[in-house]
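Comments concern the structure below.
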Amino acid sequence: MKSKIPLLFVLVGLILIGIGVWQFIDVKMQTKASLKEAKEIVSEQQPIDSNQKPNEKNKPKASKKSKAPKIGDTIGLLSIPKISAELPIVEGTDPDDLAKGVGHYKGSYMPGNHGQIVLSGHRDTVFHHLGELKKGDTLKVNDSKGNFEYEITHMKIVKADDTSIITLQNKHEELILTTCYPFSYVGNAPKRYIIYAKPKS
């Protein structure tokens with residue numbers, strides 16, 4: 001009987017590893033599918049108004065009357081040149097949404113609407129290298145309305161239950177990226193890592 005106990009532990013360990021590997025592969029597959037969809041959305045951007053000035057062509061204004069996306073919909077692409085990342089943006093921040101890519105916090109604004117844009121992602125998948133970013137680095141958001149560039153202004157670390165970072169203000173445009181912290185933590189991390197960025201002039 002005693003000799004069977006170590007074997008049981010080995011079998012349980014192998015099962016847990018198998019589940020972990022499958023979840024990792026599943027997330028990769030979902031993210032890849034969402035990325036393909038995001039690139040299709042970006043390639044179908046609305047034509048630029050010929051009356052726009054040259055420096056406005058990359059920042060067409062988004063219409064506030066545009067149809068709101070549904071939870072789980074792929075809505076755009078987040079590019080982070082510093083870490084060579086192209087990540088699909090999905091509407092919603094539930095686990096199913098975050099398995100597909102970067103989640104757009106429902107209720108926060110879209111680029112070009114002069115409000116707070118909140119994007120969240122898992123530290124062990126899409127935002128794995130977020131800690132490598134520095135003040136002054138560029139973030140790019142591309143959606144069906146156009147291309148928008150932001151410059152990182154600062155970062156901060158808050159407790160997991162701190163909701164003060166999401167004010168949903170509409171006084172000025174601000175892009176916020178959030179993920180769990182510390183990056184190497186195993187399990188439910190106790191803190192959140194926040195990156196703030198402003199539109200590039």
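Residues 1 to 201 (the UniProt record's numbering) make up the sequence shown, in order. We put the CB at the ideal spot given by N, CA and C, even for glycine.
Coil, strand or helix - residue i by DSSP
i, result
"E37", "helix"
"T31", "helix"
"K140", "strand"
"K70", "coil"
"V158", "strand"
"I15", "helix"
"K200", "coil"
"V42", "helix"
"P111", "coil"
N- and C-terminal bounds of the beta strand (DSSP E) containing residue i
i, result
"L175", "174–181"
"L133", "That residue, L133, is in no beta strand (DSSP E); it is neither H nor E in DSSP."
"P190", "From DSSP, P190 is part of no beta strand (DSSP E); its letter is neither H nor E."
"Q116", "116–120"
"V102", "102–104"
Cβ-based neighbour list, residue i, same chain, cut-off 7 angstroms, excluding 5 preceding and 5 following
i, result
"F183", "R123, G131"
"G107", "L168"
Contact under 8 angstroms by Cβ, residue i with residue j
i, j, result
"I176", "V126", "no"
"E174", "K198", "yes"
"P88", "S34", "yes"
"S120", "T31", "no"
"R192", "Y185", "no"
"G115", "N188", "no"
8 angstroms Cβ shell around residue i - same chain, five flanking residues per side excluded
i, result
"E37", "T74, P88"
"K82", "E132, L133, K134, D137, T138"
Start-to-end residues for the alpha helix (DSSP H) that takes in residue i
i, result
"P81", "Unbroken run through P81: none, as it is neither H nor E."
"L98", "95–98"
Inter-stretch contact at 8 angstroms, needing at least 3 Cβ pairs: the stretch 163–172 / the stretch 68–80: no
Cβ contact (3+ pairs, closer than 8 angstroms) linking the stretch 94–101 and the stretch 148–162: no
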